[in-house]
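Protein chains in written order, with the working numbering: chain Y, 76 to 461; chain F, 6 to 384; chain G, 147 to 327.
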């Protein structure tokens with residue numbers, strides 16, 4: 076029961092803070108066209124489509140049916156999935172399950188967002204319960220700031236340590252032609268940037284971006300005919316545990332990521348992620364996450380992340396490069412962001428990452444984050460395995 | 006396709022306004038009922054697919070409201086934003102992938118909490134259509150007129166659907182609007198947008214439903230009374246109303262063809278014993294009957310007049326009362342599936358169709374049924 | 147309780163508070179039958195600025211500045227898409243040619259709206275129609291007004307009526323008026 080599935084093509088737009096030259100359908104179409112080109116397929120070869128974004132950012136209801144001119148859904152099976160910030164990885168998993176089910180051989184997965192079309196905070200605040208959380212709460216930043224404070228308090232991690240994450244991701248982005256923010260920054264730049272919500276400053280935080288990403292999944296038998304460089308999906312896991320902000324446990328680390336990673340490591344047989352994984356594309360919406368969440372991924376013990384950062388372990392050329400694409404701190408078209416992590420991980424395995432290529436990638440890991448401290452995770456491999 | 010079983014179903018009563026219930030309360034009720042029905046505990050659920058819509062809920066991550074109530078804690082979970090039938094389809098894929106043995110699919114919606122016209126206006130393209138003020142009713146009226154004119158289907162024939170379905174709803178304890186009405190009543194009801202009158206239209210509803218899917222292997226171990234999914238298909242056609250011939254339903258035909266092909270059905274009218282289809286408006290039951298191959302193109306009016314789709318007819322359609330009798334958006338498709346399951350198990354009480362062995366559940370998404378999902382089930 | 151005997155000090159206080167709470171809970175009995183069901187009113191305030199895109203922009207500029215209606219032709223199926231679009235969804239390719247179409251056309255279907263809604267630009271009764279303008283390959287959905295709906299028929303001819311003050315959006319056409327009765 077079930078087929079193995081590989082990623083056989085990816086496409087992205089060149090992410091920008093505002094793509095005023097295209098409407099949503101056209102933005103989607105750019106990414107889809109590029110993915111089809113990458114896989115050397117036409118829309119006729121696609122058996123099913125799955126699409127995702129966060130409705131309130133563009134104010135369009137039933138995006139699956141609205142998008143067909145751009146997504147290629149005309150007279151095709153299409154459905155929509157959406158789970159907040161994790162939407163991109165939810166879309167990736169849906170693409171995977173469509174193909175793994177055996178019902179569809181070649182599946183197009185699309186994640187997109189046109190954040191320029193709305194007030195991001197005004198829209199995102201509607202995620203939270205209108206009666207209990209919304210009246211007191213303030214967008215995405217506040218929750219993360221609280222998490223950062225707890226981490227600093229428990230392990231003596233500093234704002235400077237966190238800044239090192241932003242510096243890394245922004246430096247990596249200079250190798251990525253798709254990245255939204257393209258300039259390098261220094262630790263000083265981060266520390267001097269305006270405070271949003273202590274201890275999170277402007278340059279600790281991800282931007283909001285217009286962008287789209289498309290990934291083509293194919294089941295075994297079909298994948299090998301499409302490309303000689305498929306990136307095989309080995310395992311995925313999801314933990315969307317919390318409903319109210321107050322349900323989140325105020326201790327350092329992202330429990331949902333810990334739990335999800337344990338599941339996939341077990342499935343794949345990974346015991347020492349730092350050694351056994353070659354590259355990671357992590358959904359880090361802000362700098363502190365680049366420290367505490369890699370501890371949750373088991374790369375080191377709690378409080379040990381700053382050492383990894385300062386030693387350059389996660390830089391290009393290090394033992395385990397993180398976010399060669401520049402990550403979320405460099406580009407954040409929300410509905411696409413998680414899918415971009417998967418696309419980038421696949422691109423690394425396929426050896427098509429040009430200037431941001433990590434040498435000899437056999438195993439890659441991608442994560443998604445969003446909602447109320449929710450996590451998604453996907454492991455890809457060069458070999459068909461399992 | 007390997008067989009997937011539905012081993013548990015649960016529905017809340019559908020009501021105009023469930024003031025005492027939050028989304029989570031409704032989901033918990035539906036999920037608990039489904040678990041009871043399957044004699045399972047939440048621990049035996051391997052993964053969850055929720056179904057909800059951010060616009061209807063007024064929440065940009067609408068799934069968040071029900072993560073606890075659907076038992077998703079520490080489980081793999083995803084969310085389909087579209088009709089419940091698509092949720093079942095996705096839940097199936099996750100089992101067929103080999104990753105999970107059971108999937109819980111749970112949908113919720115509270116039409117009472119906002120204004121349907123504003124919310125359905127949101128499905129129209131902001132650049133060319135939104136400002137015109139179209140909504141689900143006015144756009145469907147455009148389709149109704151085009152279909153009825155092209156094929157000579159009358160408003161009276163359409164009204165018969167409403168009479169039949171509200172009448173059937175009297176046998177369904179979950180239905181919101183059981184009514185004993187006549188064609189005259191429908192024709193005299195307030196005109197909303199020609200030719201759709203009040204009694205041709207579905208109501209605003211609150212409710213939730215849940216179904217539990219299982220792999221063949223798992224079903225054999227734990228299921229008391231499994232019902233099998235034999236075929237499934239989904240398809241969407243063009244988006245802009247002016248790009249479509251609204252009197253036709255090519256995407257439904259494509260979806261049905263796929264589902265029938267998998268299920269080995271060549272003569273749907275003969276081989277299907279009961280159908281639960283998405284009659285958001287009375288004319289839709291006629292149009293979708295044609296698209297599903299229950300009769301020839303343009304013959305929907307004659308079909309309802311023949312009596313063959315009545316409770317004692319050859320192919321009863323919507324013994325539950327259909328969407329005309331209860332329309333919690335998104336949930337309605339899942340309710341169609343749940344009703345089919347009850348029919349095949351001979352557990353449909355007063356609305357039981359005799360000798361039901363093969364059933365069809367159908368759901369729609371997007372304006373004027375742009376996208377369809379068809380599911381064929383059998384005992 | 148750890149120390150083996152009766153709880154003391156803080157523990158004792160906490161335990162008594164807990165017990166008192168449980169007692170009050172029991173005293174509430176069938177609380178669901180008596181509770182006053184509240185509602186909480188709110189509204190989502192998210193203003194939008196949608197990017198129209200290049201094709202849509204040109205279409206609107208022509209409406210605004212010249213009171214002309216243009217479509218774009220798909221090189222594959224040859225249909226002229228109205229309103230103008232960059233993408234032909236049926237063929238999944240870009241349109242490449244601008245074609246002016248008439249401001250008159252034939253009604254494919256229509257309805258007369260009888261109920262009010264905040265989102266409607268006119269007060270009922272008014273009409274919606276899908277109009278195939280002469281020269282267009284697709285229908286354009288818009289408002290119908292300016293004559294007695296009792297006389298409206300599928301197949302009737304209509305004419306675009308432009309607004310005096312136009313802003314570059316779909317309502318620069320105020321409505322389509324049925325011709326000659």
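Just so you know, even glycine gets a beta-carbon here, dropped at the ideal spot from N, CA and C.
Q.
I want to check one thing, is the minimum distance from the CB of residue 353 (chain Y) to the heavy atoms of the ligand ZN below 7 Å?
A. Ligands displayed in this structure: none; no statement on the ligand ZN is therefore possible.
Q: Give the residues from the stretch 233–255 of chain G that approach chain F closer than 8 Å (Cβ to any Cβ), ordered along the chain.
A: Within the stretch 233–255 of chain G, the residues whose Cβ lies closer than 8 Å to some Cβ of chain F are 235, 236, 254, 255, listed in chain order.
Q: Sort G:244, G:186, G:166, G:209 by Cα distance to residue 218 (chain G) and report the nearest one.
A: Ranking the options by Cα distance to residue 218 (chain G), first place goes to G:244.
Q | Helix, strand or coil at residue 33 (chain F) [DSSP, three-state] | A | In this structure, residue 33 (chain F) counts as helix in the three-state DSSP scheme.
**Q.** Partners in chain Y for residue 240 (chain F), counting only beta-carbon separations shorter than 7 Å
**A.** Correct list: 150, 151, 152.
Q | Chain-ordered neighbours of residue 205 (chain Y) on chain F, where CB pairs are closer than 8 Å | A | Neighbours of residue 205 (chain Y) on chain F, chain order: 63, 64.
Q) Is residue 454 (chain Y) near residue 343 (chain Y), with beta carbons less than 8 Å apart? A) Yes, they are a contact pair.
Q) Smallest Cα separation from residue 83 (chain F): which of Y:135, Y:140, Y:127? A) When only C-alpha atoms are compared, the closest one is Y:127.
Q: May I ask which residues mark the beginning and end of the alpha helix (DSSP H) holding residue 324 (chain G)?
A: First-last for residue 324 (chain G): 319–324, but that is the beta strand (DSSP E), not the alpha helix (DSSP H).
Q | Same chain, Cβ closer than 7 Å to residue 282 (chain Y), five either side skipped, listed in chain order | A | Answer for residue 282 (chain Y): 92, 255, 256, 407, listed in chain order.
Q. Under a three-way DSSP split, which group does residue 149 (chain G) fall into?
A. Confidence at residue 149 (chain G) is low in this model, with a pLDDT of 44, below 50, so the placement of that residue should be treated as unreliable; the coordinate-derived value is given next. Coil, per DSSP.
Q: List the DSSP bridge partners of residue 292 (chain Y).
A: By DSSP's assignment, residue 292 (chain Y) forms a beta bridge with Y:82, Y:182.
Q: Assign residue 242 (chain G) to one of two classes, buried (16 or more other C-beta atoms within 10 Å of its C-beta) or exposed (fewer than that).
A: Counting Cβ neighbours within 10 Å, residue 242 (chain G) comes out exposed, since fewer than 16 surround it.
Q) Does the distance from the CB of residue 330 (chain G) to the CB of residue 254 (chain G) come in under 8 Å? A) What the structure shows of chain G is the stretch from 147 to 327, and residue 330 (chain G) is not part of that stretch, so it cannot be assessed.
Q) Buried or exposed: where does residue 310 (chain G) fall if 16 or more other Cβ atoms within 10 Å of its Cβ makes it buried? A) Per the 10 Å Cβ criterion, exposed.
**Q.** Candidates F:183, F:260, F:100, F:222: closest to residue 332 (chain F) by CA position
**A.** Distances from the alpha-carbon of residue 332 (chain F) to those of F:183, F:260, F:100, F:222 put F:183 closest.
**Q.** Euclidean distance between Cα positions of residue 218 (chain F) and residue 93 (chain F)
**A.** Their Cα atoms are separated by approximately 8 Å.
Q | Local Cβ density within 10 Å of residue 96 (chain Y), reported as buried at 16 or more and exposed below that | A | With fewer than 16 other Cβ atoms within 10 Å, it is exposed.
Q: Quickly, what does DSSP pair residue 16 (chain F) with across the bridge? List them, please.
A: Per DSSP, F:214.
**Q.** Burial state of residue 301 (chain F), where buried means 16 or more other Cβ atoms lie within 10 Å
**A.** It is exposed - the Cβ of residue 301 (chain F) has fewer than 16 other Cβ atoms within 10 Å.
Q. Of the residues F:131, F:121, F:193, which one's Cα is nearest the Cα of residue 134 (chain Y)?
A. Measuring from the Cα of residue 134 (chain Y), the nearest candidate turns out to be F:131.
Q. What three-state label does DSSP hand residue 162 (chain Y) in the structure shown?
A. Residue state, collapsed to three classes: helix.
Q.
I need the straight-line Cα distance from residue 258 (chain F) to residue 296 (chain F), nearest angstrom please.
A. Residue 258 (chain F) and residue 296 (chain F): Cα-Cα distance of roughly 5 Å.
Q) Whose C-alpha, out of F:208, F:305, F:253, is nearest the C-alpha of residue 22 (chain F)? A) Nearest of F:208, F:305, F:253 to residue 22 (chain F), Cα basis: F:208.
Q: Please check the pair residue 198 (chain G) and residue 98 (chain Y), which I expect to be a contact at CB under 8 Å, by giving their CB distance rounded to whole angstroms.
A: About 6 Å separates the two Cβ atoms, so the contact holds.
Q: May I ask you to report which of helix, strand or coil DSSP gives residue 285 (chain Y)?
A: Reduced to three states, the DSSP call for residue 285 (chain Y) is strand.
Q.
Among the candidates F:104, F:377, F:37, F:164, whose CA atom is the shortest distance from the CA of residue 291 (chain F)?
A. Sorting F:104, F:377, F:37, F:164 by C-alpha distance to the C-alpha of residue 291 (chain F) places F:164 at the top.
Q: Output the boundary residues of the alpha helix (DSSP H) element that contains residue 240 (chain F).
A: Counting along the chain, residue 240 (chain F) sits inside no alpha helix (DSSP H); it lies in the beta strand (DSSP E) bounded by residues 232–241.
Q) Beta carbon of residue 79 (chain F), beta carbon of residue 334 (chain Y): below 8 Å? A) One thing to note: residue 79 (chain F) has its Cβ within 8 Å of the Cβ of residue 334 (chain Y).
Q: Report the three-state DSSP secondary structure of residue 252 (chain F) (helix, strand or coil).
A: In this structure, DSSP gives residue 252 (chain F) a state outside helix and strand, which the three-state scheme calls coil.
Q.
Between which two residues does the alpha helix (DSSP H) holding residue 208 (chain Y) run?
A. Premise fails: residue 208 (chain Y) is in no alpha helix (DSSP H) and is neither H nor E.
Q) Near residue 247 (chain Y), what residues of its chain come up, given a Cβ to Cβ distance below 6 Å and the 5 sequence neighbours on each side ignored? A) Residues 398, 399, 401 of the same chain have their beta carbon placed closer than 6 Å to that of residue 247 (chain Y), with the five preceding and five following residues left out of the count.
Q) Between residue 267 (chain F) and residue 237 (chain F), is the Cβ-Cβ spacing less than 8 Å? A) Annotated as proximal: residue 267 (chain F) and residue 237 (chain F), with beta-carbon spacing under 8 Å.
(Q) Just to confirm the assignment: which complete alpha helix (DSSP H) runs, minimum length 4, are found wholly within the stretch 129–175 of chain Y? (A) Annotation note: the stretch 129–175 of chain Y contains the following uninterrupted alpha helix (DSSP H) runs of length 4 or greater, listed N- to C-terminal: 130–133, 138–141, 143–146, 162–175.
Q | Buried/exposed call for residue 44 (chain F), threshold 16 Cβ in 10 Å | A | Under a 10 Å Cβ-count criterion, residue 44 (chain F) is classified as exposed, with fewer than 16 other Cβ atoms of the shown protein chains found around its own Cβ.
Q. In this structure, what does DSSP give as the bridge partners for residue 114 (chain F)?
A. F:212.
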